[in-house]
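Novice:
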Amino acid sequence: MKRKINFKGFIDTTLREGQASPLMFDTRKYFFSPEEKKKIIEALIRLGLSHFEFYSPVVGKKEREDFLAIKEYVRKMSPKKVVLIAHCRCHPDDINQAVKAGFGGLNLYMGLSAEAEKNYGKSFLETLKLIKDLVVSTRKKYPYLWLRYSGEDAFRTPLKRIFRVYDEIAPYVDTFGTPDTTGIATPDLVKKRIRSLKKRYPKNNLECHFHNDSGYALINTITAIENGAEYIDSTIWGMGERSGISSITGTLLNLYYLDSNLTKNYNLDLCYPVNVLMGSILKMQVPYNEPVSLTNRTHIAGVHQKAVLNVKKSYEVYSLEKFGVTKKQLLLGPLTGWNFIYYYLKEMCDFIISPEEAKKITSEFKERVEEIRENQIKPEELLDQIAEKYSLAKIDIPREHKERRIENLNGN
Numbered sequence: 001m002k003r004k005i006n007f008k009g010f011i012d013t014t015l016r017e018g019q020a021s022p023l024m025f026d027t028r029k030y031f032f033s034p035e036e037k038k039k040i041i042e043a044l045i046r047l048g049l050s051h052f053e054f055y056s057p058v059v060g061k062k063e064r065e066d067f068l069a070i071k072e073y074v075r076k077m078s079p080k081k082v083v084l085i086a087h088c089r090c091h092p093d094d095i096n097q098a099v100k101a102g103f104g105g106l107n108l109y110m111g112l113s114a115e116a117e118k119n120y121g122k123s124f125l126e127t128l129k130l131i132k133d134l135v136v137s138t139r140k141k142y143p144y145l146w147l148r149y150s151g152e153d154a155f156r157t158p159l160k161r162i163f164r165v166y167d168e169i170a171p172y173v174d175t176f177g178t179p180d181t182t183g184i185a186t187p188d189l190v191k192k193r194i195r196s197l198k199k200r201y202p203k204n205n206l207e208c209h210f211h212n213d214s215g216y217a218l219i220n221t222i223t224a225i226e227n228g229a230e231y232i233d234s235t236i237w238g239m240g241e242r243s244g245i246s247s248i249t250g251t252l253l254n255l256y257y258l259d260s261n262l263t264k265n266y267n268l269d270l271c272y273p274v275n276v277l278m279g280s281i282l283k284m285q286v287p288y289n290e291p292v293s294l295t296n297r298t299h300i301a302g303v304h305q306k307a308v309l310n311v312k313k314s315y316e317v318y319s320l321e322k323f324g325v326t327k328k329q330l331l332l333g334p335l336t337g338w339n340f341i342y343y344y345l346k347e348m349c350d351f352i353i354s355p356e357e358a359k360k361i362t363s364e365f366k367e368r369v370e371e372i373r374e375n376q377i378k379p380e381e382l383l384d385q386i387a388e389k390y391s392l393a394k395i396d397i398p399r400e401h402k403e404r405r406i407e408n409l410n411g412n
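Quick note: the sequence shown uses the UniProt record's numbering, first residue 1, plus one each step.
Below, the structure written as C-alpha cells:
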C-alpha cells in the first residue's frame, strides 16, 4: 500500500552545514560575508523556504554578529513567518547564547552510538540522563521555541538505543532528527528506519539529514520523504562536510516529478538562479552533478547532438525550463558530427550550405581537431577557417532581424 507523503519543507542549512564544505577552502572563501549571507537567505526565502539553520552563537564572535544582522534583515524583508534555528550541542552554554541572540528554534544533537560513548567519555545511561534533563528543562523555560533533538549518526545507532532516548523526550520536542551523519545509510535502510520511527512517534515530526559519502544523499532524501519524513535538511549545491548532503534544487526537481503538489509552495523557476548565485559567490561554475544546471543541458557527442536537434526528449527527459534553466549548449569539439556542423554553419553563421558540403567540412574538422589545443584556439575558430576554404555564400539577414532571432534547439 502506498504511504501518504506529508512533506512540510526544508530546513536550509547552507549557512551552517554549507560553510563546512571543502569547497569553501578549495575556493579560498573560508566563510560567507554578512552581505553574502543576506543574499543567500533572501534568495532562498523567495524560492519558498522558511526554516534556516545557523551555528550556535557559541561558535564565535563572527557567527554571533552575523546572525544578529541577518535576523534584523529577515524581519524587514520578509512578510511571511521565517524560523531561524540554532544548531546546538546538548550543552547549556549553546542553548543560553542561542536564546539570548533571539533564535526561534533549537536543533539539539548528541550521539547515541557506541562510537559516541567513546567520543564523549560517557556511558549510554549517563548520556540518556543528560539529554532528558536538558530537553525537559529547555521546554519548560522556553515553551515557545521550535525544539528538535537528533541522535547523531542515527543510521549506525541501534534502534533500541534511539527508542530508549526518544521515548523519554517525545512529549517535549516538536521534531526528531534522523541524521545519516557518516553517509552510511542505504535507501532500503532509510525506508525501514523512517517507517519504524513514524509508527512509534506519529505526533512528532521527523527531520532527515543525509550525507553523500556513498553517493546516496539525494535518493535517501526522496526515500525518506516517500516514507513519512516531514522535513529535510538540504543546502544549495548540497554543500556540506566531506562530500556534502542533498541539494535543495535537486530535491525539488525530484519531488516535482514525484508529485507536483509537493512543490506547489515553491517558486521553481528560481532554482537555477539560486544555484548561479552560489556560483557567483564562490567564483565557480554550478557543479556538473547538480541536476538543475546548464551542464545538464549540454550536449557534446555527435549522436546526442543530432538527436536533440530533432527531438529534444531523446536525451532530455525533464523540463528544466520549469526550474529556471532556459538555455542549452551544443558544443563543437572532436566528437561533433556533421548534423550539428551543418546546423551551426547554416543557422548560426548564415551560410548557404548543403549536407554534402557539411560532411566534407566535418571530415576536415575532425582531421585538424588537435589544432585546437596546439594553437590554443576555439573550436569555432577552427571551423570558421575550414569553412572559408569552401567560399560559401551567406544569407544577408538585416541586423534588426538578426538581433530578434531566437535559436530554437527544442525540436519544436
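Think of the CB as a built atom: it goes at the ideal place given N, C-alpha and C, for glycine as much as any other residue. Computed from a prediction, not measured in an experiment: that's the story for all the values here.
1. Considering Cα atoms alone, identify which of N205, L112 and D133 is closest to S123.
2. Flag this pair as yes or no: are the beta carbons of Q19 and S56 separated by less than 8 Å?
3. Just curious, the alpha helix (DSSP H) that R373 is in, first and last residue?
4. Buried or exposed: where does F31 fall if 16 or more other Cβ atoms within 10 Å of its Cβ makes it buried?
5. Quick one: what's M110 bridged to in DSSP?
6. Would you mind sorting Q305 into buried or exposed? The rule is 16 or more other CB atoms within 10 Å of its CB.
7. Quick one, which of L345, Y315 and K283 has its alpha-carbon nearest F25's?
8. Once you ignore the five residues that flank D12 on each side, which residues in its own chain have a CB closer than 6 Å to its CB?
9. Taking all protein chains shown into account, do 16 or more other C-beta atoms lie within 10 angstroms of the C-beta of V165, making it buried, or fewer, making it exposed?
10. Taking C-alpha atoms, which residue in I352, I194, W338 and S391 lies nearest to F365?
11. Using 8 Å as the threshold, is the C-beta distance between N267 and E290 below it?
12. Should N310 go down as buried or exposed, given a rule of 16 or more other Cβ atoms within 10 Å for buried?
13. What first and last residue would you give for the beta strand (DSSP E) that runs through V59?
14. Taking 8 Å as the limit between beta carbons, can you name the residues of its chain near K38, skipping five residues before and five after?
15. Does DSSP put T298 in a helix, a strand or coil?
16. Using three-state DSSP, classify N410 as helix, strand or coil.
17. Could you check which residue in L189, I281 and I386 has the C-alpha nearest to that of R156?
18. Would you decide whether E316 is buried or exposed? Buried here means 16 or more other CB atoms lie within 10 Å of its CB.
19. Could you give the first and the last residue of the continuous alpha helix (DSSP H) run that contains F25?
20. Who pairs with I245 in a beta bridge, going by DSSP?
21. Would you mind working out which of I95, I222, H87 and I300 sits nearest T14, comparing C-alpha positions?
22. Answer with buried or exposed for N412, where buried requires no fewer than 16 other C-beta atoms within 10 angstroms of its C-beta.
23. Can you give me the Cβ contacts of L218 inside the same chain, cut-off strictly under 6 Å, excluding the 5 residues immediately before and after it?
24. Looking only at C-alpha atoms, which of V99, D350, N6 and G151 sits nearest to E117?
25. Can you tell me the Cα-Cα spacing of T138 and A301, whole angstroms?
26. Tell me the rounded alpha-carbon separation between N296 and Y288.
27. Kindly identify the DSSP beta-bridge partner or partners of Q329.
28. May I have the straight-line CA-CA distance separating K8 from E230, to the nearest angstrom?
29. Where are the alpha helix (DSSP H) runs, 4 residues long or more, that stay fully inside the stretch 66-144, in chain order?
30. Let me know the secondary structure DSSP gives L218 once reduced to three states.
31. So, helix, strand or coil for I232, using DSSP?
32. Taking its Cβ as the centre, do 16 or more other Cβ atoms sit within 10 Å of P179, making it buried, or is it exposed?
33. Can you tell me the Cα-Cα spacing of V58 and R28, whole angstroms?
34. Quick check on the burial criterion: 16 or more other C-beta atoms within 10 angstroms. Buried or exposed for K312?
Specialist: So, to answer that:
1. For the set N205, L112 and D133, the Cα lying nearest the Cα of S123 is the one of L112.
2. It is not a contact, given that the beta carbons lie outside the stated cut-off.
3. E371 to E374 is the extent of the alpha helix (DSSP H) around R373.
4. Note on F31: under 16 other CB atoms within 10 angstroms of its CB, so exposed under the neighbour-count rule.
5. Bridge partners of M110 according to DSSP: G151.
6. By the 10 Å Cβ count, Q305 comes out buried.
7. Taking F25 as reference, the option from L345, Y315 and K283 with the minimal CA-CA separation is K283.
8. By the criterion of a C-beta distance shorter than 6 Å, D12 is surrounded in its chain by L44, L49 and F52, once the five residues flanking it on both sides are discounted.
9. A residue is called buried once 16 or more other Cβ atoms fall within 10 Å of its Cβ, and V165 is buried on that count.
10. Ranking I352, I194, W338 and S391 by Cα distance to F365 puts W338 first.
11. Inclusion of N267 and E290 in the CB contact set at 8 Å is not warranted, their separation being larger than that value.
12. Exposed is the call here.
13. That residue, V59, is in no beta strand (DSSP E); it is neither H nor E in DSSP.
14. Only residues of its own chain outside the window of five on either side were considered, and among them A69, I70 and Y73 have a CB closer than 8 Å to the CB of K38, listed in chain order.
15. Taken through DSSP and simplified to helix, strand or coil, T298 comes out as strand.
16. Unreliable placement is indicated for N410, whose pLDDT of 44 sits below 50; no coordinate value is reported for it.
17. Looking from the CA of R156, the closest CA among L189, I281 and I386 belongs to L189.
18. E316 is buried by the Cβ-count criterion.
19. From DSSP, the alpha helix (DSSP H) with F25 extends over L23 to D26.
20. Paired residues: H211.
21. The alpha carbon of T14 has as its nearest neighbour, out of I95, I222, H87 and I300, the alpha carbon of H87.
22. Residue confidence for N412 is low, a pLDDT of 38 falling below 50, so the modelled location carries little weight; the figure read from the coordinates is stated next. Residue environment analysis places N412 among the exposed positions, since fewer than 16 neighbouring C-beta atoms fall within 10 angstroms of its C-beta.
23. Closer than 6 Å at Cβ, skipping near neighbours: S246 and G250.
24. Among V99, D350, N6 and G151, the Cα nearest to that of E117 is on G151.
25. Cα-Cα distance, rounded: 59 Å.
26. Taking C-alpha positions only, N296 is separated from Y288 by approximately 7 Å.
27. Per DSSP, T298.
28. Approximately 5 Å, taken between the alpha carbons.
29. Fully enclosed alpha helix (DSSP H) runs of 4 or longer: 92-101, 114-120 and 124-141.
30. Note: L218 maps to helix in three-state DSSP.
31. In the structure shown, I232 falls within a strand segment according to DSSP collapsed to helix, strand and coil.
32. Taking all protein chains in view, the Cβ of P179 is crowded by 16 or more other Cβ atoms within 10 Å, so the residue is classified as buried.
33. Cα-Cα distance, rounded: 24 Å.
34. It counts as buried.
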